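These notes concern the structure reproduced below.
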Amino acid sequence: MKFALAPIVSVLFALSAMGSPTSKKRDTTLEVEARQAQCDIATCLQTIGNETAGIIVPCGLAINNLANINQAIAQGQQPSQADVTGLTSNTVQCVFQSIAAGFAIPAACLSCVF
């Protein structure tokens, strides 16, 4: 049972570690919780997105979520909860599926999910 729960616990930890993107800097870097100080979601998604060239579907979805969040913030609006939740979920799936597919993952991404 211990081994069966290990992947679930690590995914739940990764989701909780993503933090809550609450504000945007001019360079599209989302500020997340202090424990994720090295996490740069925009750089992570841009790097993986270029590398996977649309092969990994959650990567494209996460990029769209981030664009929607940035657009809402630029318009002075609160990002939708669906985009915030989607960004977290899709980024984690993007990283894990990219690792499973054998792509090299930059440190900026690993610090977002581990």
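With mature numbering (1 follows the signal peptide of the UniProt record, and there is no 0) applied, the sequence shown corresponds to residues -19 to -1, 1 to 95, in that order.
Glycine residues also receive a C-beta, built at the ideal position from the N, C-alpha and C atoms.
This structure is a prediction, so every number in the text was calculated from the model and none was measured.
Asked	Found
Sorted by chain position, which residues of the same chain lie with C-beta nearer than 6 Å to N49's C-beta, five sequence neighbours on each side aside?	D64
When burial is assigned at 16 or more other CB atoms within 10 Å of the CB, is V76 buried or exposed?	buried
Whose CA, out of Q78, T72, L42, A81, lies closest to the CA of A89?	T72
Given 8 Å as the limit, is there contact between the segment 76 to 85 and the segment 37 to 48, that is, 3 or more CB pairs closer than that?	yes
Find out if the Cβ-Cβ distance for the pair L91, L68 is shorter than 8 Å.	no
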